[in-house]
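Novice:
Numbering (this note's numbering), first residue to last: 541 to 753.
#1: In whole angstroms, give me the CA-to-CA distance for residue 742 and residue 608.
#2: For residue 634, count neighbouring C-beta atoms within 10 Å of its own C-beta (all shown protein chains included) and say buried if the count is 16 or more, exposed if not.
#3: Please report the straight-line C-alpha distance between residue 615 and residue 636, rounded to a whole angstrom.
#4: Determine the DSSP secondary structure at residue 551, reduced to helix, strand or coil.
#5: If residue 689 sits next to residue 641, beta carbons under 8 Å apart, how far is it from one beta carbon to the other, in whole angstroms?
#6: Give me the Cα-Cα distance between residue 748 and residue 712, rounded to the nearest whole angstrom.
#7: Just to confirm, are residue 570 and residue 701 a CB contact at a threshold of 7 Å?
#8: How about residue 581 and residue 725: are their beta carbons less than 7 Å apart?
#9: Using the DSSP secondary-structure output, state which residues sit across from residue 579 in a beta bridge.
#10: Rounded to whole angstroms, what is the Cα-Cα separation between residue 576 and residue 623?
#11: Assuming residue 645 is part of the alpha helix (DSSP H), what are its boundary residues?
#12: Shortest alpha-carbon distance to residue 739 belongs to which of 603, 709, 667, 565?
#13: From 685, 669, 714, pick the residue whose C-alpha is nearest to that of residue 629; which is it?
#14: Going along the chain, which residues of its own chain have a beta-carbon closer than 7 Å to the beta-carbon of residue 744, five neighbours each way excluded?
#15: Please tell me whether residue 573 and residue 662 are closer than 7 Å, where the distance is taken between their beta carbons.
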């Protein structure tokens, strides 16, 4: 609809705002930042960030986190997550830089077929001009940081977002937090495989996963 009406993404933003009302209160500040971000850097050492999860992968994650919820409740969560991803399909999407551990890519979330689809989607994303994906391989040794985080650039300002097991999300704009995160991001990028080597690895893993089904 935005392309047809040349609205510059206004429809996507309004649609996302409607769904935003269903987010938990602790997540809404991040949801707002994500919608307005010009650049997003994410480090995922345990699971893929929600912004790049397929529907089936997201459903498997939510099922693992909420084993007592009904199918409808799980799918409502999945729909919210998929709506967030619309920012990647805007005429001018944010610059997305992902650093993912190899273990995340080899973990069979939802089973082999789900992971084959997920890996294929990551290949598609990594081939986009606004996306850089690097894999922190097992042979690269201990990572410089063990907790997931997202680093956003919004209106020229950098913002750090992380989540706690208890208490929800945490937004940090402090100079100290930004400086430390910038240093960690640089270290991760230097340690991880190059974008091309990572893409080759993703393609190989997706092909192998498909052959194993």
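For glycine and all other residues, C-beta sits at the position ideal for the given N, C-alpha and C.
Specialist: Taking the coordinates as given:
#1: 33 Å
#2: buried
#3: 26 Å
#4: The predicted model places residue 551 with a pLDDT of 43, which falls under 50 and marks its position as unreliable; any figure quoted below should be read in that light. Of the three classes helix, strand and coil, the one that applies to residue 551 here is helix, per DSSP.
#5: So it is not a contact: roughly 13 Å between Cβ atoms.
#6: 40 Å
#7: yes
#8: yes
#9: 635, 693
#10: 14 Å
#11: 642-646
#12: 667
#13: 669
#14: none
#15: no
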